[in-house]
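In terms of the numbering used here, the sequence shown opens at residue 78 and continues consecutively. Ideal placement from N, C-alpha and C gives every residue a C-beta, glycine not left out. It should be emphasised that the depicted structure is a prediction, and the values quoted were computed from it without experimental measurement.
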Amino acid sequence: MIPAPFDYEVAESAEHAVELLGQHDDAKLLAGGHSLLPLMKLRLASPSVLIDIGRVSDLSYVRDAGDRIAIGALTCYEDAHFDETLKSSCPIVAHAAGEVGDPQVRNRGTIGGSVAHGDPASDIPTIMLALNAEFVVRGPTGERTIAAADFFKGVFEVDLAPQEILTEMRVPKTSSGWSYLKFHHRAQDWATVGVAVVLGDGSNNASVALTSMGERPLRAQGVEEALAAGEDPASAARRAAEGTNPVSDPMGSSEYRRQIAPVLTRRALEEALSR
Ligand SMILES: Cc1cc2nc3c(=O)[nH]c(=O)nc-3n(C[C@H](O)[C@H](O)[C@H](O)COP(=O)(O)OP(=O)(O)OC[C@H]3O[C@@H](n4cnc5c(N)ncnc54)[C@H](O)[C@@H]3O)c2cc1C
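In structure tokens:
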């Protein structure tokens with residue numbers, strides 16, 4: 078399909094992108110284009126203007142920021158996957174970035190684009206939720222910081238105003254006690270179900286988050302509560318589907334996903350405890 082006609086602007090900086098967003102109604106930011114352009118080709122999105130932020134190179138970085146790692150929104154998956162700072166200080170992000178799509182997707186798609194898009198089948202939002210990440214957003218009145226737990230609202234719905242741009246994600250240093258397991262039918266596919274585990278200072282203080290189990294990335298609260306109460310991982314994992322509402326689609330029925338989630342959660346907890 079061919080997208081509806083649109084105008085095209087190039088932003089030189091985050092501030093310039095905000096300014097351009099303010100000048101046009103119904104404009105959309107274009108980062109890697111790997112989610113937005115398919116939607117436009119299907120005419121599920123028809124922005125009147127695309128504001129290309131893909132050349133704002135100073136939003137592509139990974140930095141050690143004390144007790145956190147700062148990731149620029151335009152960092153592509155491939156750069157995050159091979160980044161030495163992430164590999165040593167927050168390897169779950171480097172690992173999950175390498176699990177996304179194929180090499181073409183990983184070289185064009187951005188970590189910030191994935192977070193801003195708010196697709197419940199995406200891998201990175203689940204990782205951000207499990208890590209209790211913070212997101213930095215710039216708008217016409219300045220900057221604000223939002224917790225990942227408050228950011229994801231629904232299917233393709235996030236806490237971003239029309240004139241705002243996501244500039245940075247901040248994740249805590251977490252070098253051990255982690256896992257991200259993604260169940261998919263074919264290599265390089267989206268997750269039928271994904272489970273992220275971050276143990277914190279032990280299994281009774283674990284964060285467990287789920288991909289493709291509802292309208293947004295979800296915390297597996299039942300599992301976290303069971304672990305906090307001292308249950309062993311195998312028993313706690315049985316509560317993984319509690320409070321979830323997965324879709325039925327060609328990848329699997331809702332019931333299938335609810336069966337997979339506890340098994341994958343047990344394996345993810347075991348893997349996290351082993352490293
Ligand atoms: C074949 C294929 C396979 C894929 N497989 C997977 C997979 O296995 N796992 C997975 O998680 N994803 C997968 N994806 C999606 C891919 O990861 C996308 O690249 C990503 O979801 C969006 O990032 P992007 O940079 O391409 O964003 P774009 O497509 O450019 O933008 C997406 C949306 O976010 C907005 N946006 C982008 N950046 C910002 C910003 N900085 N601030 C505010 N708004 C912004 C845009 O306006 C748009 O609404 C796949 C995509 C394809 C085409």
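Who are the near neighbours of residue i in its chain, counting only those whose CB is closer than 6 Å to its CB and skipping five residues on each side?
i              : result
serine 112     : His194
methionine 117 : Pro80
arginine 206   : One detail in the question is off: residue 206 reads as leucine in this sequence, not arginine. These residues qualify, in order along the chain: Ala225, Ala286 and Pro294.
leucine 114    : none
glycine 186    : Gly109, His111 and Tyr154
Is it the case that the CB of residue i approaches a heavy atom of ligand 1 more closely than 6 Å?
i              : result
threonine 187  : yes
serine 123     : no
glycine 109    : yes
valine 133     : no
valine 177     : yes
valine 182     : yes
glycine 190    : yes
aspartate 141  : no
aspartate 200  : yes
histidine 194  : yes
alanine 306    : no
alanine 150    : yes
serine 112     : yes
valine 164     : For clarity, residue 164 is lysine in the given sequence; the question names valine instead. No, Cβ of lysine 164 sits at least 6 Å from all heavy atoms of ligand 1.
lysine 355     : Only positions 78 to 352 of the chain appear in the structure, and residue 355 is not among them; the question remains open.
isoleucine 242 : yes
leucine 106    : yes
Which residues in the same chain as residue i place their Cβ atom closer than 8 Å to its Cβ, once the five residues preceding and following it in sequence are excluded?
i             : result
serine 331    : Asn322, Pro323, Val324 and Ser325
alanine 142   : Arg247
alanine 198   : Trp267, Ala268, Thr288 and Ser289
threonine 162 : Val139, Arg140, Asp141 and Ile146
Compare the C-alpha of residue i against each of the options and name the closest.
i              : options                           : result
threonine 203  : Val170, Gly216, Gly219 and Glu308 : Val170
arginine 120   : Lys259, Met78 and Lys164          : Met78
threonine 269  : Leu276, Phe260 and Gly277         : Phe260
asparagine 281 : Ile130, Leu346, Tyr138 and Asp200 : Leu346
serine 191     : Lys164, Val232 and Phe159         : Val232
alanine 238    : His93, Gly99 and Ala88            : Gly99
histidine 262  : Gly178, Arg221 and Ser312         : Gly178
serine 351     : Ser253, Asp278 and Ala264         : Ser253
glutamate 292  : Val274, Thr218, Lys230 and Gln336 : Lys230
valine 182     : Ser165, Phe212, Asp156 and Glu92  : Asp156
leucine 258    : Ala305, Ile337, Glu301 and Ala94  : Ile337
alanine 104    : Ser123, Glu92 and His93           : Ser123
glycine 175    : Glu96, Phe159 and Leu208          : Phe159
aspartate 135  : Leu341, Arg221, Glu245 and Asp196 : Glu245
With residue i and residue j assumed to form a contact (beta carbons below 8 Å), what rounded beta-carbon distance in angstroms separates them?
i              : j              : result
glycine 271    : glycine 299    : Not really, about 17 Å apart at Cβ, beyond 8 Å.
leucine 107    : isoleucine 128 : 7 Å
isoleucine 148 : alanine 173    : Not really, about 12 Å apart at Cβ, beyond 8 Å.
alanine 297    : alanine 311    : Going by Cβ atoms, the distance from alanine 297 to alanine 311 rounds to 14 Å, so no, they are not a contact pair.
isoleucine 242 : isoleucine 130 : 7 Å
valine 363     : tryptophan 255 : This structure cannot speak to residue 363, because the chain is shown only from 78 to 352.
Which residues in the same chain as residue i place their Cβ atom closer than 7 Å to its Cβ, once the five residues preceding and following it in sequence are excluded?
i            : result
alanine 315  : It is arginine, not alanine, that sits at residue 315 in the sequence shown. Here the set comprises Pro339.
serine 90    : Val133
cysteine 167 : Ile146, Val248, Lys250 and Thr251
aspartate 84 : Ser125 and Val126
glycine 219  : none
Could you tell me whether any non-hydrogen atom of ligand 2 is closer than 6 Å to the CB of residue i?
i              : result
tryptophan 267 : By its list of ligands, the structure shown excludes ligand 2, since it contains just ligand 1.
Please give the ranges of any alpha helix (DSSP H) in the region 113-179, keeping only runs that are unbroken, at least 4 residues long and fully inside the region. 113-118, 154-159, 161-166 and 168-174
Unbroken stretches of the alpha helix (DSSP H), 4 residues or longer, contained in the region 271-312: 298-305
List in chain order: all unbroken beta strand (DSSP E) runs of 3+ residues lying wholly within the region 201-247. 211-216, 219-224 and 229-231
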